[in-house]
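Okay, structure first, notes after.
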Amino acid sequence: MSKTIKFFLSIFAIAAVLLIIFISTGANIYTDWLWFKELNFEKTFTIMFLSNFILRLLIGVVFAAVIYLNLHFTKKPINKFINVQTDSKVENLFGEERNQIFEWLNKKRLNLIYLLASIVFGFLFSSISSESWKMVLKFLNKTEFNAVDPIFNNDISFYVFSLPFYSFLREMGMVVIVISLILVGAIYIIFTGIHSFSEISGKLSSRAKKHMSILVFVFLVFKAWDYRLQMYNILFSADGVVFGAGYTDVNANLLGYRVLFVTVIFVALAVLYSLFKNNYKPLVWGIGAWIAISIIFTGVYPAFVQQYRVEPNEISLEKEYIKNNIEMTQQAYQLDSVQTKDFKISESELTYAELMEYETVVDNIRLQDYRPLKTTYNQIQALRQYYTFEDIDVDRYQLGDNYTQVMLGARELDQNALAVQAQTWVNETLKYTHGLGFAMSPVGKVGENGLPEFLVQDIPPVTNSEHITLKNNSIYYGEKTNDYVIVNTDQTEFHYPMGSQNVFTQYEGTGGVEVKSLFREAIYALRFGTLKIILSNDINDQSQIMYERNIHQRVRKVAPFLKYDSDPYLVHAQGQLYWIYDAYTTTGLYPYSQPFNRSENYIRNSIKVVVDAYNGTLDYYLMDENDPIAVTYSKIFDDLFKSADQMPESLRKHIRYPQDLFKIQSNIYSTYHMDDPVVYYNREDVWAIPQENYQGSIIPVEPYYLMNQLPGEKEAEFTLMTPFTPANRNNMVAWMAARNDGENYGELFTYRFPKDQLVYGPNQIESRIDQEAEISRMLTLWSQRGSSVIRGNLLVIPINNSVLYVEPIFLQAENRGIPEMIRVIVAYKNEIVMRENLQEALTTLLKSDESSAVPEEEIEQIQQLTGEEQPLQPGQQGADSEAVQGQWAQTDQPTGKLESASSAELISQANQLYQQAQQALQNGDFAKYGEIIEELGEILNQLSRTGE
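First residue of the sequence shown? That's 1 in the UniProt record's numbering, and the numbers climb one at a time after it.
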């Protein structure tokens, strides 16, 4: 095969690969445009696509032009080199191949090489700006914050919108100048025959010196600008007592940047002076001064000020800056509007009659924990292997006169759970296309079998409430809808099973893109990598292809510039199903604000996204028009956002304050509730998120939705709350609540407990439950082989100037057993009881004279099973669980002593030591903890020998 044929085959292969890439990329872009068009967001797509494309093109062109212009000035020495017929230096450099190289290289080809090299550099550097289009658009459409920083008195918008843009321009400018300087410097050195630094001054031409001097001058101008911008960065310093500019930053570092700015300007002028006067002394002195000043003002002087000026007088000197940090952090997280009130603990005992005055609150005490409830839903409401409940959500519904908090979950179709034989393209794309309906249960009602009482259940979905109307409950868009499907085909879609038969349906909605031509079939076949779309006889002119159906991907594809909550939730409204997704605007450029992660220190939940589960439509509602970032986005994408008053009332009733935001705010507020700089500096009143016991693990208490009647309010309302404890202590010091209903939505309250009264924290209640002998023994007996005890959320319920604690107990058999609520623990002040249901527990605690933690008959049963003759003593724990397990299964056959007296005594001592060790660990007394553990080890060794 000749070289010519090989050459053309190579060219053809390269062209074919490029064509395939071009067609594939074009197919993705075109189908994305069809997808946005179906949602009526063509303008949003166009803005995102064109702004990204134009910015990258602009950067590529500018980079290529600057590099080409600089390379163009290096042609003269190269052309001169080409024309030299005999030059020992050239011969020495290039060797015998010199003649071949320069016979081929001429002016025209050199220009082409420069052009191609410039284009390549331009293309490579344009790719680094793939996310920069957002920053540029925000700069061009910026909105004022109407708040200024305390150091430079600039509006916050300067730091959020302008500073990133200026930094981007400075960075791009410095990069292109440095690359140009490296390229032209290398060319001048190589083609001038320079072999060492000593030869540069003598052999480098005047033209080359001027060229490189101009590049150095431009670089120094950019560097001076860099120092100017770095002055603003002190507002984001993490080196001081607090985040933001401290005394050293303002009085030393800022001064250093100003001096360096002037110094670099002087050095830049010295470069020009040396260029025209051929006198390099000012340049040498300028560079020397620059190096010396950099060392002094970026290291020595700030360290000196910090050590000898600030540290001996830290409180007085940093007080002003601590105050800036507190105020700006509170603004950034909307904590400056938190209303703080006192929660007075009643000295009199709460009576049962007083508690029943809060009927709505009591009826909605959450006895269902979403974690075991998800398992329960999947066990008793999925009903077929291909249905699943991906998540369980919390919401509230007005059911007649009853304002009811509920748990609900969507019954979605999981195609991966189909039988292997059924996982065909036809089934997965045309047949099994959607989930069906949802299950709903009130949080405060549990059946006799320990399972939830359902308001909506079964397949097809049926309602047990006249106030819930079921119309269209098919779920084509959800959290498990990960694959594309095609509807309105000649194949009927599987709807739901009915006995031994199946019910089928046809899609009647507006979701999906019409596949109305062979061209579209081909383009989607290319996108999804299958010819079946073209070859299938079931696809017709009315068919619609649905893709990007997973709501997590769907909302992010439309608005990738927003941050999204981790928990979208299902809403049933007017017979239809919707998903509500909370979206956030964030930035890490809010001056002085303490970051909640590594990169962000400002957050607003300004956007609520509503996704139609049947049609897939997306509605982005702008809920907070006081958020400058959200307003800026609404200026950019004016077809995307709707005003809050356009949200239907049926959906507006179900918006809720998001847990993710509340977690961030409560964590920040645990420190930033301290307004006094001195108190903050000394950390005199730092709070912490308490802990609870879940399945044997100690975890932080999650914020939880609670139907509660806030102090001073006349009606119960849906709130989100979290308790606080002092740092390194377990008693409760305050609780924080976010309101969710009506015009009160978004209001934040903090209620402080009296400092002279002990209010138990969640972890203290958990410890007291563990130390309550009868309860502890019962839990031990249930935790036998083949089953496990799940302790649900410990709820702190402030009510009527009192505090109740409620914890449901679930029992789950191994091998995918159904978690059943078997008991409820209720605590009030120093009393703890465990009963079969909440009503019985409350009655016993507040109305009855019975003082035992568990009923007498259950105590007798425990004594029979463990061989105890005397009542259990407080703090005494259950016997060895393995020894008990064999007996618990035979409750109708009372057993004798399980162990010798010595063994039982050792077990009791071991359990007591374990509780003491846990208490020492909670109190941070590690020395005592180590001593107790050593003693516990000795007891366990004795027990081991006794067993032998």
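Backbone N, C-alpha and C fix where the C-beta goes; we use that ideal spot for every residue, glycine too.
Under the three-state DSSP convention, the category residue i falls into
i      : result
Tyr397 : strand
Ile14  : helix
Asn744 : helix
Val259 : helix
His572 : strand
Ser848 : coil
Lys89  : Below a pLDDT of 50, predicted positions are generally treated as unreliable, and Lys89, at 48, falls in that range; the measurement from the model is reported next regardless. Residue state, collapsed to three classes: helix.
Glu508 : coil
Met778 : helix
Ala439 : strand
Val733 : coil
Asp538 : coil
Gly26  : helix
Gly288 : helix
Phe528 : helix
Nearest-angstrom Cα separation, counted from residue j out to residue i
i      : j      : result
Arg170 : Pro164 : 10 angstroms
Val555 : Ile655 : 17 angstroms
Leu183 : Gly60  : 17 angstroms
Gln695 : Gln812 : 11 angstroms
His572 : Val66  : 59 angstroms
Glu717 : Asn740 : 8 angstroms
Ser206 : Gly286 : 22 angstroms
Phe297 : Ala289 : 12 angstroms
Ile20  : Gly26  : 10 angstroms
Val262 : Leu255 : 11 angstroms
Leu570 : Glu649 : 16 angstroms
Glu42  : Ile523 : 19 angstroms
Val443 : Asn364 : 6 angstroms
Gly173 : Tyr584 : 33 angstroms
Glu820 : Glu320 : 57 angstroms
Proximity to residue i [Cα-Cα], best of the options
i           : options                           : result
Asn153      : Tyr680, Ala353 and Asn324         : Asn324
Trp687      : Leu451, Ala727, Ser24 and Tyr333  : Ala727
Val218      : Ala583, Arg366, Gly240 and Val178 : Val178
Ser593      : Leu795, Gly286, Tyr159 and Ala64  : Tyr159
Asp567      : Val394, Val362 and Val271         : Val394
Glu747      : Tyr657, Val406 and Phe438         : Tyr657
Arg258      : Val242, Ser787 and Ser294         : Ser294
Val824      : Gly509, Phe41, Glu840 and Ile818  : Glu840
Ser157      : Thr31, Asn146 and Pro452          : Asn146
Leu215      : Val271, Trp33 and Leu57           : Val271
residue 957 : Phe236, Tyr547, Ala224 and Asp226 : Given that the chain is displayed from residue 1 to residue 948, the structure contains no residue 957 and the question cannot be resolved.
Ile799      : Lys344, Ile459, Met623 and Val420 : Lys344
Asn693      : Gly792, Ser24, Ala630 and Glu390  : Gly792
Leu651      : Val456, Lys608 and Val678         : Lys608
Asp639      : Ser24, Met48 and Ser162           : Met48
Lys210      : Phe73, Pro711 and Pro808          : Phe73
Glu521      : Gly509, Glu508 and Ser536         : Ser536
Phe662      : Thr725, Ile580, Tyr672 and Met736 : Met736
With 16 other Cβ atoms within 10 Å as the buried cut-off, status of residue i
i      : result
Trp133 : buried
Asp538 : exposed
Glu493 : buried
Glu479 : buried
Thr340 : exposed
His467 : exposed
Asp369 : buried
Phe12  : exposed
Tyr477 : buried
Leu140 : exposed
Beta carbon proximity, residue i to chain D, threshold 8 angstroms
i      : result
Ala813 : In the structure shown, chain D cannot be found, because there is only a single protein chain.
Q: Say whether the segment 372–387 touches the segment 338–351, bearing in mind that this needs 3 or more beta-carbon pairs closer than 8 angstroms, one atom from each stretch.
A: Taking 8 angstroms as the limit for Cβ pairs, the verdict is that the segment 338–351 does not touch the segment 372–387.
Q: Pair every Cβ in the segment 470–487 with every Cβ in the segment 418–437, then say whether three or more of these pairs are closer than 8 angstroms.
A: Contact between the segment 470–487 and the segment 418–437 is present: three or more C-beta pairs spanning the two stretches fall below 8 angstroms.
**Q.** the segment 677–695 touching the segment 705–720, judged by at least three CB pairs closer than 8 angstroms
**A.** Proximity of the segment 677–695 to the segment 705–720 falls short of the contact definition, fewer than three beta-carbon pairs being nearer than 8 angstroms.
Q: Report yes or no: do the segment 585–592 and the segment 328–344 share at least 3 C-beta pairs separated by less than 8 angstroms?
A: Contact between the segment 585–592 and the segment 328–344 is present: three or more C-beta pairs spanning the two stretches fall below 8 angstroms.
Q.
Quick test of the definition: if touching needs 3 or more C-beta pairs under 8 angstroms, does the segment 838–848 touch the segment 761–773?
A. Segment contact: the segment 838–848 against the segment 761–773, fewer than three CB-CB distances shorter than 8 angstroms; contact not assigned.
**Q.** At least three beta-carbon pairs within less than 8 angstroms, the segment 576–586 to the segment 304–315
**A.** Segments in contact, no.
**Q.** Touching by the beta-carbon criterion (3+ pairs, under 8 angstroms), the segment 509–526 and the segment 540–548
**A.** With contact defined as three or more Cβ pairs closer than 8 angstroms, the segment 509–526 and the segment 540–548 are in contact.
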